[in-house]
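Since the structure comes first, as structure tokens, the remarks are kept for the end.
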Amino acid sequence: MSLMQWADDRYGTSVDLCDNQHKELFDRVNALNDAVINRDRSDIGNRLDNLVDFVLKHFETEERLMEERGYSGLDHHRQEHDLLVRTCTEIQDKFHAGEMDVEEATMTYIKNWLDHHIPVIDKLYGPTLSN
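Heads up, the sequence shown is in my numbering, so the first residue is 268 and it goes up one at a time.
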């Protein structure tokens, strides 16, 4: 079941590299959601690790591009990224320590964060990074 579906008009930033990574991010969120629905703890752990690793890679890519192109909103953008990274790594650590499960509420948080961040925050860098 797809939790997130890509739509160019909603999520497209006009920066191909970032848009392609966002699509991959959606695929990984959906894969984790499938594992959560199936209640497969081993699969959840693997897909959670996979998602967190990709989030870190993607944020590094975005921030590097912003820095290279002199994007004025970099500091605020980095703060937004740091919030999700802290939350995801905390979930990851607690999951692997057996202190929590990844459930529907966790997936809703991730979806809502991305549903706000990409169309509202990421779209702002489009004009600067696409040139």
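Each residue gets a CB set at the ideal place from its N, CA and C atoms; glycine is no exception.
Practice item. Please name the residue in 292, 392, 282 whose C-alpha comes closest to that of residue 340. Key: 392
**Study point:** Through-space distance from residue 325 to residue 307, alpha-carbon basis
**Key:** Their backbone Cα atoms lie some 26 Å apart in a straight line.
**Study point:** Alpha-carbon spacing of residue 371 relative to residue 347, whole angstroms
**Key:** 22 Å
Review point. Can you list, in chain order, the residues of its chain whose CB lies under 7 Å from that of residue 270, leaving out five sequence neighbours each side?
Key: 296, 297, 300, 374, 378
Point to revise | Option nearest residue 344 by Cα separation, candidates 359, 328, 358, 357 | key: 328
Practice item. Pick out whichever of 278, 272, 396 has its Cα sitting closest to the Cα of residue 338. Key: 396
Point to revise | Where residue 363 falls, given that 16 or more other Cβ within 10 Å makes a residue buried | key: exposed
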